[in-house]
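First comes the structure, then the notes that go with it.
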C-alpha cells in the first residue's frame, strides 16, 4: 500500500481504469444520471486544469461534496472499486466509461462521482464550465456503450491484442467526450476483464513504485507521456499514431504523417494507424498492464475498434506510417522501426511507450510479454496484487491521511527521512527513474515524456516563498528535438492557439463546451474554430477533444506560411577544413572525407540541398564545384585582412547536380595538402568568408580546427600555463579572450547560420574563445584531445563514429523555440547553446536532436488559483525537406502548498543537472571556487531546510528525504568532474569542453557522465533479465562507485555515457576472459583492447546483448576500453570512482562529514 | 556655472529615463537584444529609424563622460561638497566599465547575457537608482543656483 501513496493516485487510477472501474463509474453515472453536468467535466480535460486533480491539493477535494474530505487516493481507490463492480455489471456504460479512466483522474469531479455515484454532485467541482449543454450525453453514450461493451469484452478475452482496447470510442457518438476517455475505455475494458488477472494490476503497481525500481521508470515514463504520446512515439505503432490531423476537410483527414501516403490510404489509413497504435500498446498491456494502460492512446480507440481486433490490420497500416514519417522528416533515423508483423508482438510494447530512448524501459514491457518475466513480478505484479485487494484499506488509509492534505502514500515513501550517515546502500538496483508527477492518471498518460521535458520539482511550489524555503532550484530540462520514433504530425489550415498568450492547444486545456476552450496557461476562454470541430481520426464532427492535438502532449504541426519570414530555406552545408601542417599531421582529413563520401547521400535534405567546401591555412581556398566542370577548381584568396568571395554562385552547389564533382573533391582533398608546410591558421578570416558565403541562405557551417588560430581577425594567444593545471586556487581564462567569435556567431545567428566546431587539437587551442562560435549560433562542439590517426586510435574511432552520427542526424534550420508557462511563473535564465532573443524566446539557427536546454524558472505570482502548472515548449523550425514545422511539447505538473510535497516531488537528477549548469555559469562569471562552494552550499541548505521545516524527527546526522537521498553523492560527483574539479591536473581545453557538455548534453547522458553506472559482468544471471526479440538482456544491479565494490575476481563494466570501461580483475574467472574477450587467460589480454569480440558463447552473447542494450538509445555510440587491473589505464577508470578519496578530493563519507560541519556552524 | 550643470543634469536624467524604458521594452516587448545593445552601446551605427531613440539611447558612454565632466568642473570650481557627493558614482562608473564583458567595441552591454533575468533586473535597478540620484542632484543644483542668484 505504502508504495502507492503518492503516485498512487495515479496508480490507483490506472488500475482502476484498467479494470474499467474508474472509467466505468463515470459513464455509468453519466449516462444514467444527470449526465450532462457531470459529463463535461470529466469529459475532458475540463476539469483538468484545476481540479483534475490532484489529490495532492487539499482544496481540491472539496468540490465533491461527499467525498471531498477524502484524499484523492481514497477517491481513486473507492472509485475504482465501485467502478469495477459496476462496470462488470453494466458493460454498456463502460464503453464510455472506459475512456473515463482518464476522465476520472482528470477531474476532481470523478472522484465524487464514483463515490457518490451521483453525478450531480460531481459536476460542481469541476465548475460550471462543464455543463455542456451541447452534448447530449445520453444518446451518445448509450450507443457507444453498447458498442463498447461488446468490444470491450472482446478485448479482454483477446487480451493479446491491445488494439482491441482502443477500439471503443469511434463508433459511438461519444464524440463529445474527450478523446482520452476513449482510449482508456478500451484499455479499461480489457483490463476490466483482466482485472481478475494480475496483469491488470501490474500496470498500476508500476507507476506507484516510481521510487527506486528501474522498471518503474518505464512504467512511469509511459504514464506521463500518456497514451497519446506513447502511441505516437510508440515504436510498434509507429505509423499509427501519427496523429494526422488532416485539415478539416473531410477526405483529407489523413494523417499528416501520412500525408504523402495519404493520398491512397487516406482516411482508412489514418484509422488504422491509430488503431494500430492502440493495439500495440494494448498488446503490451495484455501482459503488462502498465504499458497497456498507457497504450490506450486516445486516437486509436474510436476508429480502431473495428479494425482493431485484427492485429494484422493494424500492423499493416502502421508500417506505412513510420516510413512516411521518416521520409517526411528527412532525418534518417536508422533505427526507426520497421513495422513488421513481428513488431506487433514485441515491438508494441516498445511502441506503446513510444520513446526510442526509453526503450530500455520498454523492453521490460516486452519481457513481460514473452514470458511472465521476473521483472514483472517484482515490480508490477507484486504491487498490483497488494493493491487490488486492499482497496478498501487503501481508502481508509488515505482517509486517515486526509489531514495531510492528500499527501499520497507514495509521497510518504519519497519523504521517508534517510540518514545518510547510516545508510550506505543508497543506489537503486537499476538506474534511477524520474519521479512521476503526482497528477491524476489520465493526465499522467498524456503528460510529456520525462526524456523530453523534465522539471526539477515535479510538484511546483505555490509561491516563491515556499520555493525559497525548500532551497531547491526550480527549472526545466528540455530535449525538444529528440529523435522520436513516433510523433503525431498534424496538418491543419488553422493551428489552434490561445488568442492572448498564443499557447498551442494541448491536452491540458479545458473544454468548457463544444465551442469554447479555456487556455491552461493564461485562462483565457477561446473559441473552437469550425475546422477543429472535425476529427479526422474518427471522421466525425463535433469532437474537438478527440483531436490528436488534444490527445498528445507532443505533437508536430505542419506550419502554414504565416509561420515563415521567408520561403523555407534548403538544407545548406558548408565544411570549413583546416589544412595546415598541423592538421595534415593529425591526419583527420582523410577520415573526414571518407566519412562524408560514405554519408553523402544520407545528409538530410532534399533536391535543393547545397554543399560547399572551404579550406584554410594561412590563406583561404574556395572550391568551384559548378556543374559541368570536369574537375573541382580551387580558388585561393590570400588577402585575409579583407576577405572576399571570388565567385558567388559556384561555390555553394546543388549536391544533386554536382555530386560527381563533390566526390572528386573529397577523394583528392587528402592528397592535395599532404605536403603542405604552412603552419599558420587563419581561422577568423575563413569564418568570415564562410559567413559571407552562407548569409544569403543560412544553413550549417562545420568547422574543423586543429590548432590555435594565429592569423588575421580572431587570432588568439596561448593563455594556458601548464603549471597551473592542477592549481587548487582558481582557474583563469575560462571565458573568451576576444569577442570576435561571439560577434561572428551573433551575425551568423541573425542570418540563420549555425556553426559546429570540431576541435582536434593536441595543443592548447583556446576552446574557451573558439566555442563561442557555436555557443551563440546554436551549434555543437566536439573535442578530440590529442587526436592522431595513428597514435590515438581510440580518438580516431570516436571521431569516426561521431562524425557519422553528426552527418546523418536530423537537422532543423532557422528555428526558434518559445517556452511558455502558466501565469505566475517566469523564466529566469536559459542554459545551452542558442541566442536569447527575448525573455522566453530562443533563436536557434540550427537545431539538432542531440542538444538539450536547461531553463531556470522563478515564481513571480502566487499560483494559488490553479492546481496545475503547465509548461509548453514550441519549436518552430524548417525541416531538411523544406517544410516549416512546429514541434510542441506540453508538460503539466501539480501545484502544492506544502513543503513536504515539494520534497516528495523533487527530481534529484534534474536538480543536479540544473545546478551543474548554474555552477558552470558561476565559474565563468565569478570563479571556480565560488561555483564549488555554491554546490556544497546547495547540499547544506537542503539538509538544513529539511531538518528545520519538514522532518520532525530529532535525529542526529544528515537527514534528507528519500527522493533526495542521492543528492550529496551527485554533488560530490559533480565536484570531481573535469569541469569543476580543482587540484587534479586538468587541461584548460578539456575543462572548458566539459563545461560545454554540461550545457548541452541531455539529462540522461549527463547523469551517466557525472555518476557513471557500474555493473558486475562476470556473474550475469537471468534474474530480472529482459527478453527482447530473441535476445536475453541481463540486468545486473548498479554498484556504488567505490573501489571496495570492485573485486579481483570479477569483471566490471562502467558506463560513462560516451565510453565504457570494462575492468578485468587480476583473478578474474578465466572462463569469462576466454568466453567474452577471446583470450586464453588474464595475462594475454592486450593492453589496448577496445572492442568485444563476437564470440558464440552464451556468456559473450549476454554481455554483448547488455552492451548493445545500453547503447541502444544513445545518439553517439560509445567506445569500449578493456582495462586491466594492473594497467596504467586504471587511473582513467579510478577517477570515476567518485565515492573514493583521491589525493585532492575527499571521499563520500568525508564529504558528508564536511556537510555536517557546515551545518553546525 | 550652476546653470550649465542644471541643464546637463537634466539631460542625463532624460537619458537615464530612456535607458530604463529601453530595458523595460526589452523585458516586455520582445525587442531583439542585439538591437537593444546596439542602441545602448555607443557603436557607430547605421541610422536608426527613430531619431529620438538614436539620440537618447546610444549614450551609455556619453552619460559617463558627462558625469565625469561634471566632476572635473566641480573640482575646478572648488565645490568640494558637491564633488564628494558625486565621487561614489564616478567610482562606480569606472568600476562598471572596467568589469564589462569582453568586447572589442566600447559599451557595457552584451547581447548574449542581457536577457539573463539577473542581469536585466540589475540593469533596470541601476537605471532607477541613478535616475533618482540625478534628479536629486538636479534639485540640489537648482537650489544652489537660485541661492547664488539671490545672494548676489
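Chains as they are written, first to last, in full-length UniProt numbering: chain A, 1 to 1161; chain B, 1 to 152. Using N, Cα and C, we set each Cβ at its ideal position, and we do this for glycine too.
Buried versus exposed, by CB contacts within 10 Å (16 or more), residue i
| i | result |
| --- | --- |
| residue 736 of chain A | buried |
| residue 894 of chain A | buried |
| residue 526 of chain A | buried |
| residue 644 of chain A | exposed |
| residue 823 of chain A | buried |
| residue 1064 of chain A | buried |
| residue 494 of chain A | exposed |
| residue 78 of chain B | exposed |
| residue 518 of chain A | buried |
| residue 413 of chain A | buried |
| residue 1048 of chain A | exposed |
| residue 679 of chain A | exposed |
| residue 1005 of chain A | buried |
| residue 1096 of chain A | exposed |
| residue 265 of chain A | Per-residue confidence for residue 265 of chain A stands at a pLDDT of 37, beneath the threshold of 50, marking its modelled position as unreliable; no derived number is given. |
| residue 444 of chain A | buried |
| residue 555 of chain A | buried |
| residue 122 of chain B | exposed |
| residue 496 of chain A | buried |
| residue 104 of chain A | Here the model assigns residue 104 of chain A a pLDDT of 35, short of 50, so the residue's position is not dependable and the matter cannot be decided. |
Interface partners of residue i on chain A, CB under 8 Å
| i | result |
| --- | --- |
| residue 62 of chain B | Correct list: empty, because the minimum Cβ distance to chain A is about 22 Å. |
Residues that residue i contacts on chain B, provided the C-beta gap is smaller than 8 Å
| i | result |
| --- | --- |
| residue 738 of chain A | 102 and 104 |
| residue 999 of chain A | Within 8 Å Cβ-Cβ: nothing; residue 999 of chain A doesn't reach chain B, min ~13 Å. |
Beta-carbon proximity check, residue i vs residue j, cutoff 8 Å
| i | j | result |
| --- | --- | --- |
| residue 889 of chain A | residue 858 of chain A | no |
| residue 610 of chain A | residue 654 of chain A | yes |
| residue 905 of chain A | residue 463 of chain A | no |
| residue 705 of chain A | residue 802 of chain A | no |
| residue 845 of chain A | residue 748 of chain A | yes |
| residue 589 of chain A | residue 669 of chain A | yes |
| residue 1041 of chain A | residue 1136 of chain A | yes |
| residue 662 of chain A | residue 600 of chain A | yes |
| residue 776 of chain A | residue 745 of chain A | yes |
| residue 985 of chain A | residue 726 of chain A | yes |
| residue 771 of chain A | residue 708 of chain A | no |
| residue 1043 of chain A | residue 1068 of chain A | no |
| residue 756 of chain A | residue 700 of chain A | yes |
| residue 1012 of chain A | residue 1106 of chain A | no |
| residue 115 of chain B | residue 838 of chain A | yes |
| residue 528 of chain A | residue 520 of chain A | no |
Contacts that residue i makes with chain B (C-beta to C-beta distance below 9 Å)
| i | result |
| --- | --- |
| residue 691 of chain A | Neighbours of residue 691 of chain A on chain B: none; closest Cβ ~15 Å, over 9 Å. |
Residues that residue i contacts on chain B, provided the C-beta gap is smaller than 7 Å
| i | result |
| --- | --- |
| residue 735 of chain A | 102 |
| residue 776 of chain A | 112 |
| residue 742 of chain A | 112 |
Cβ-Cβ separation, residue j to residue i (assumed contact under 8 Å), whole Å
| i | j | result |
| --- | --- | --- |
| residue 1038 of chain A | residue 429 of chain A | 6 Å |
| residue 882 of chain A | residue 570 of chain A | 6 Å |
| residue 856 of chain A | residue 820 of chain A | With a Cβ gap of about 16 Å, residue 856 of chain A and residue 820 of chain A do not count as contacting. |
| residue 817 of chain A | residue 908 of chain A | In fact, because the Cβ distance is near 26 Å, the residues do not count as touching under 8 Å. |
Checklist entry - Of the residues that make up the region 816 to 835 of chain A, which ones have a beta carbon closer than 9 Å to any beta carbon in chain B? => result 826, 827, 828, 829, 830 and 835
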